[in-house]
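Add 16 to the 1-based position in the sequence shown for this note's numbering, that's all there is to it. Glycine residues also receive a C-beta, built at the ideal position from the N, C-alpha and C atoms. Data first, discussion second: the structure below is written as structure tokens.
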Amino acid sequence: MNQTFFLTILIFTSQVIQAQNNETLSEKLWKQVQDCYSMFEDLDEDGKVDYDEIIDDSKNGYLKVSGSWPTCGCNCENTIGAYKTNSNDYIFLKKYQWGCSWQKGLYLSDSASVIFPFDFGADGFFQTKIENLSHNAYFYLDFKIPRKGTETKVFIKPIPLGIKVENEKYIVFGYAEKNKFTYSHKMFQIWRIASKTKGSNCIENLLNNNLNEISEADKKIIDEAIGTGDSKFENIKELIICFQELKHIYEVYTQIHYDWLILGWNRDKGAFYIKEKGKRMKIDSFKDFLKNTEMWRPIC
Numbered sequence: 017m018n019q020t021f022f023l024t025i026l027i028f029t030s031q032v033i034q035a036q037n038n039e040t041l042s043e044k045l046w047k048q049v050q051d052c053y054s055m056f057e058d059l060d061e062d063g064k065v066d067y068d069e070i071i072d073d074s075k076n077g078y079l080k081v082s083g084s085w086p087t088c089g090c091n092c093e094n095t096i097g098a099y100k101t102n103s104n105d106y107i108f109l110k111k112y113q114w115g116c117s118w119q120k121g122l123y124l125s126d127s128a129s130v131i132f133p134f135d136f137g138a139d140g141f142f143q144t145k146i147e148n149l150s151h152n153a154y155f156y157l158d159f160k161i162p163r164k165g166t167e168t169k170v171f172i173k174p175i176p177l178g179i180k181v182e183n184e185k186y187i188v189f190g191y192a193e194k195n196k197f198t199y200s201h202k203m204f205q206i207w208r209i210a211s212k213t214k215g216s217n218c219i220e221n222l223l224n225n226n227l228n229e230i231s232e233a234d235k236k237i238i239d240e241a242i243g244t245g246d247s248k249f250e251n252i253k254e255l256i257i258c259f260q261e262l263k264h265i266y267e268v269y270t271q272i273h274y275d276w277l278i279l280g281w282n283r284d285k286g287a288f289y290i291k292e293k294g295k296r297m298k299i300d301s302f303k304d305f306l307k308n309t310e311m312w313r314p315i316c
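Shown next, in the form of structure tokens:
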């Protein structure tokens, strides 16, 4: 009885593995984007699923799907590329984005240490090792998965201010909004102060609690950020602490040496290597950093 049972399980398992091995490259790619594609609906009732964009070159190892659905205009996007190895296998990179949950990331079909046998910080964007005393990541990697060839461009971008990602390194593959800072619901006030105040040293004076050095017009804008409710700061002290924490993120931002990396693909090792680095052309001031960097805000 037991021998028959185990023999049946063994045959079934073998059939599943064989079926997976018989999948075409196109089928493998389409299977991996179903979590996004399955969300699309036939909104105009013409018998076809509505989407924003589909680029189907899956037979050659590239597929992109993006679209939205009625709930709050929520959207998702999946872009996946297949990188062939000399053993006729594939390594898959899938870049994903879910708008309403503030989620961006990268799925890898093998471990990161195997696919990327280098440090994106010390060997790449920072050019040296920087100790992370905050134990929070501040930046994520934005991969541009190629439709043609295997050279892959990677940009470093700030994690939206207000989203907390606990990590031993400053750079991660993605983020989600499940963790936030105590000041996350107040980020609009930070943007407003950075955008509306006119004094060239206003932000620095606020950071150093030199309130007497701030003009009356700028003080009025700052005072409007303080009040009751989740979207405002309780007092000036809480506001200053928030600016100080954001200043630390900015100080790490200023240590980025390169805007992008181009990764080459080694088919023998089934791994990437750093082929080229794009030198950084511009560093924003702290005020411009606060104005221009994406900030978390509630959606729905």
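Between the beta-carbon of I179 and that of F141 there is about 19 angstroms, and that puts the pair past the 8 angstroms contact cut. When the Cα atoms are used, K164 and Y156 turn out to be separated by approximately 24 angstroms. In summary, P133 is exposed, with fewer than 16 beta-carbon neighbours lying within 10 Å of its beta-carbon over all protein chains present. When the Cα atoms are used, D158 and K236 turn out to be separated by approximately 39 angstroms.
Under the rule that a run must span 3 or more residues, the beta strand (DSSP E) segments found entirely inside the region 225–282 read 274–282. 8 angstroms or more divides the Cβ of L109 from the Cβ of L79. Around G83, the same chain offers F56, Y67, D68 as residues with beta carbons nearer than 6 angstroms, after the five sequence neighbours per side are excluded. E184 is a Cβ neighbour of H151, given a cutoff of 8 angstroms.
Note that the C-beta distance between M311 and L177 is below 8 angstroms. The DSSP-derived three-state label of N195 is coil.
C-alpha of E182 to C-alpha of N195: approximately 9 angstroms in a straight line. Taking a contact as a CB-CB distance under 8 angstroms, the pair K214 and D234 counts as one, their CB atoms being some 6 angstroms apart. By the criterion of at least three beta-carbon pairs nearer than 8 angstroms, the region 247–264 is not in contact with the region 121–128.
Q143: not part of any beta strand (DSSP E); DSSP gives it neither H nor E. Q48 is not a Cβ neighbour of I146, given a cutoff of 8 angstroms. Around D246, the same chain offers H201, K202 as residues with beta carbons nearer than 8 angstroms, after the five sequence neighbours per side are excluded. Excluding residues up to 5 positions away in sequence, I175, V181, E182, N183, K185, Y186, I187, V188, Y191 lie with their Cβ nearer than 8 angstroms to the Cβ of A153 in the same chain. Along the region 52–88, the beta strand (DSSP E) occurs as fully enclosed runs of 3 or more residues at 69–73, 78–84, listed in sequence order.
C218: member of the alpha helix (DSSP H) spanning 218–223, first to last residue. A buried status is given to S74, since no fewer than 16 other beta-carbon atoms sit within 10 Å of its beta-carbon.
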